[in-house]
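**Student:** Per the UniProt record's numbering, residue 1 is the first one in the sequence shown, and the count goes up by one each step.
For every residue, glycine included, the Cβ atom is placed at its ideal position computed from N, Cα and C.
Here the structure is a predicted model, which means the values were calculated and not measured.
So that we are looking at the same thing, I have put the structure below in structure tokens.
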Amino acid sequence: MTALLLSILSSTLIFVVFKLFDRFKINTLHAIVVNYVVAFFCGLFFYTGELALAQTPEQPWFYYTLGLGALFIIIFNLMAITTQRSGLSVVSVATKMSVVIPVVFGLVYYKESIGILKILGIILALIAVYLASIKTRDGLAIEKKNLIYPLLVFLGSGFIDTSIKYLEDTMVAQDEVALFSAIIFSAAAVIGISILILQAVRGTLNFQFKAIIGGIALGLPNYFSIYFIVQALRSDILESSGIFTVNNVAIVMVSTFLGVTFFKERLLKKNWIGIILAVISIFLVALARW
1 MTALLLSILS STLIFVVFKL FDRFKINTLH AIVVNYVVAF FCGLFFYTGE
51 LALAQTPEQP WFYYTLGLGA LFIIIFNLMA ITTQRSGLSV VSVATKMSVV
101 IPVVFGLVYY KESIGILKIL GIILALIAVY LASIKTRDGL AIEKKNLIYP
151 LLVFLGSGFI DTSIKYLEDT MVAQDEVALF SAIIFSAAAV IGISILILQA
201 VRGTLNFQFK AIIGGIALGL PNYFSIYFIV QALRSDILES SGIFTVNNVA
251 IVMVSTFLGV TFFKERLLKK NWIGIILAVI SIFLVALARW
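In structure tokens, the structure reads:
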């Protein structure tokens, strides 16, 4: 339970930091790159085993983590494009609705238990995510030519969560979680730094010190969001389908409350309905476990 709560808290803090980026006019891409560097060193710092980076490529999960790190950067860019073309609500819905992918994977591949309570809880969770994420009265407005971007965000986000579940279950030892997380972020950092170098060569790089501060503030919760979700998946409190459902819907719910409390966001009636459904869905999924 503790790991799941800390995963929700860490992911929610990421939301808060991104909000502050907008308030303090911090370049999101630059801060994201710094964040990956910070998250990498966090992983090394919290790794309690014998550190031998030269031997890390010998780990069975090594090349998979490199691919995940690259996917992190790709999805970030797709999220930015989606935000520009279709709005922030579309990105939020696409990202959170992607929970259906690891949930279905857990039910099919791992043959996890399924019953009326869990099915109802998952369905309500998806509805809750949608209603709580839409901040306009007219709902989502996506032009057909731009539909590919949120679709890729949906698939990519779901693939990341599913891959993390599969790798931690089949390849990552209990004492390697910190190192496993660190290598994922290192791959993303290398690609991100390469992008910044390319900008510098082209003369378009305008790096500001506040991006470093923002990157540090983002990197800490970002690292722990991965670390604790892996630990939560290894706990016996819920099956992976339940963990991902509760984690995603709780993040949306808590983030919404923080938006109202600290950023003076106004909620529509459907947002409140989404929050109520979120609470009910968490209760149903948790109850289905017993």
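Closest by CA to Gly158, which one among Asp169, Val104, Ser235?
**Tutor:** What you label residue 158 is simply residue 158 of the sequence shown in a count that begins at 1. When each option's Cα is compared against that of Gly158, the closest is Val104.
**Student:** Can you give me the C-alpha to C-alpha distance between Val172 and Val37, rounded to a whole angstrom?
**Tutor:** Position 172 of the sequence shown, counting from 1, holds the residue named residue 172. Position 37 of the sequence shown, counting from 1, holds the residue named residue 37. Distance between the alpha carbons of Val172 and Val37: 22 Å.
**Student:** With 16 as the cutoff for other CB atoms within 10 Å, does Glu168 come out buried or exposed?
**Tutor:** For the purposes of this step, residue 168 is taken as residue 168 along the sequence shown, with counting starting at 1. Buried.
**Student:** Going by C-alpha distance, which of Leu5, Ile32, Ser11 is nearest Ile213?
**Tutor:** Translated into positions along the sequence shown, residue 213 becomes position 213. Ile213 has its Cα closest to that of Ile32, out of Leu5, Ile32, Ser11.
**Student:** Could you spell out where the alpha helix (DSSP H) holding Arg23 opens and where it closes?
**Tutor:** One-based indexing of the sequence shown puts residue 23 at position 23. Its alpha helix (DSSP H) spans residues 2 to 23.
**Student:** Could you tell me whether the Cβ of Ile122 comes closer than 8 Å to any Cβ of chain C?
**Tutor:** The displayed structure is made up of one protein chain only, and chain C is not part of it.
**Student:** Which of the three DSSP states, helix, strand or coil, is assigned to Val172?
**Tutor:** Taking the sequence shown and counting its residues from 1, the one referred to as residue 172 is at position 172. Coil.
**Student:** Mapping the DSSP letters down to three states, classify Ile275 as helix, strand or coil.
**Tutor:** Along the sequence shown, one-based indexing puts residue 275 at 275. Reduced to three states, the DSSP call for Ile275 is helix.
**Student:** Which residues mark the beginning and the end of the alpha helix (DSSP H) in which Asn248 is found?
**Tutor:** Taking the sequence shown and counting its residues from 1, the one referred to as residue 248 is at position 248. Note, Asn248: alpha helix (DSSP H), 240 to 263.
**Student:** Hey, how far is the Cα of Ala132 from the Cα of Ala125?
**Tutor:** Within the sequence shown, the letter at position 132 stands for residue 132. Within the sequence shown, the letter at position 125 stands for residue 125. C-alpha separation (whole angstroms): 10 Å.
**Student:** Could you name the residues of the same chain whose beta carbon sits closer than 7 Å to that of residue 312, not counting the 5 residues immediately before and after it, in chain order?
**Tutor:** One cannot answer for residue 312 here, as it falls past the ends of the chain, which runs 1 to 290.
**Student:** Roughly how many angstroms separate the alpha carbons of Leu277 and Leu198, rounded to a whole number?
**Tutor:** Here residue 277 refers to the residue found at position 277 when the sequence shown is read from its first residue. Here residue 198 refers to the residue found at position 198 when the sequence shown is read from its first residue. Cα-Cα distance, rounded: 46 Å.
**Student:** CB-CB under 6 Å to Ala128, same chain, minus the five flanking residues each way: which ones, in chain order?
**Tutor:** In the sequence shown, counting from the first residue as 1, residue 128 sits at position 128. Excluding sequence neighbours, Ala128 sits near Val249, Gly274, Leu277, Ala278, Ser281.
**Student:** Quick check for students: name the residue ranges of the alpha helix (DSSP H) that lie wholly in the segment 163 to 239, counting only runs of 4 or more.
**Tutor:** 177 to 202, 209 to 234, all fully within the segment 163 to 239.
**Student:** Assuming contact is defined by CB atoms lying nearer than 8 Å, are Ile73 and Ala217 in contact in what I supplied?
**Tutor:** Within the sequence shown, numbered from 1, the residue matching residue 73 stands at position 73. Within the sequence shown, numbered from 1, the residue matching residue 217 stands at position 217. No, Cβ-Cβ distance for Ile73 and Ala217 is not below 8 Å.
**Student:** Can you have a look at Ala52 and say buried or exposed, based on whether 16 or more other CB atoms are within 10 angstroms of its CB?
**Tutor:** If you number the sequence shown from 1, residue 52 lands on position 52. Per the 10 Å Cβ criterion, exposed.
**Student:** Over what stretch of residues does the alpha helix (DSSP H) that includes Gln84 continue unbroken?
**Tutor:** Position 84 of the sequence shown holds residue 84. That run of the alpha helix (DSSP H) goes 62 to 86.
**Student:** Do the segment 140 to 150 and the segment 21 to 30 make contact, defined as three or more Cβ pairs closer than 8 Å?
**Tutor:** Contact between the segment 140 to 150 and the segment 21 to 30 is absent, because fewer than three Cβ pairs lie under 8 Å.
**Student:** Skipping 5 residues on each side, what residues in its chain have a beta carbon closer than 6 Å to that of Val17?
**Tutor:** Sequence index remark: in the sequence shown, residue 17 carries index 17 (1-based). The residues are Ala217, Leu218.
**Student:** Report all residues from its chain with a CB closer than 7 Å to the CB of Val254; omit the five preceding and five following residues, and keep chain order.
**Tutor:** Here residue 254 is taken as the residue at index 254 of the sequence shown, counted from 1. Here the set comprises Ile8, Thr12.
**Student:** Please report the straight-line C-alpha distance between Lys96 and Phe154, rounded to a whole angstrom.
**Tutor:** Here residue 96 refers to the residue found at position 96 of the sequence shown. Here residue 154 refers to the residue found at position 154 of the sequence shown. Lys96 and Phe154: Cα-Cα distance of roughly 8 Å.
**Student:** In or out: Ser235 buried (at least 16 other Cβ within 10 Å) or exposed?
**Tutor:** Against the sequence shown, residue 235 aligns to sequence position 235. By the 10 Å Cβ count, Ser235 comes out exposed.
**Student:** Can you have a look at Trp272 and say buried or exposed, based on whether 16 or more other CB atoms are within 10 angstroms of its CB?
**Tutor:** Sequence index remark: in the sequence shown, residue 272 carries index 272 (1-based). Exposed, by the Cβ-count rule.
**Student:** Near Leu233, which residues of its chain fall below 7 Å by C-beta distance, leaving aside the five closest residues on each side in sequence?
**Tutor:** The count along the sequence shown starts at 1 and reaches residue 233 at position 233. Correct list, in chain order: Lys165, Glu168, Ser240, Ile243.
**Student:** Quick check: the Cα distance between Arg23 and Phe263, rounded to an integer number of angstroms?
**Tutor:** Counting from 1 along the sequence shown, the entry for residue 23 is found at position 23. Counting from 1 along the sequence shown, the entry for residue 263 is found at position 263. So the alpha carbons of these two residues sit roughly 10 Å apart.
**Student:** Compare the beta carbon distance of Val285 and Gly121 with 8 Å and say whether it is the shorter of the two.
**Tutor:** Within the sequence shown, residue 285 is the residue found at index 285, counting from 1. Within the sequence shown, residue 121 is the residue found at index 121, counting from 1. Contact: yes.
**Student:** Is it right to say Ala200 is buried, meaning 16 or more other beta carbons lie within 10 angstroms of its own, or is it exposed?
**Tutor:** For the purposes of this step, residue 200 is identified with residue 200 of the sequence shown, where counting begins at 1. Exposed is the call here.
**Student:** Going along the chain, which residues of its own chain have a beta-carbon closer than 7 Å to the beta-carbon of Ala3, five neighbours each way excluded?
**Tutor:** Stepping through the sequence shown from its first residue, residue 3 is reached at position 3. Closer than 7 Å at Cβ, skipping near neighbours: Phe228, Gln231, Ala232, Ser235.
**Student:** Name the residue from Met1, Leu5, Lys19 whose alpha carbon lies nearest to the alpha carbon of Thr261.
**Tutor:** Numbered from 1 along the sequence shown, position 261 holds the residue referred to as residue 261. For Thr261, the nearest C-alpha among the options comes from Lys19.
**Student:** Is the separation between the beta-carbon of Leu71 and that of Gly156 shorter than 8 Å?
**Tutor:** Within the sequence shown, the letter at position 71 stands for residue 71. Within the sequence shown, the letter at position 156 stands for residue 156. Cβ atoms of Leu71 and Gly156: closer than 8 Å.
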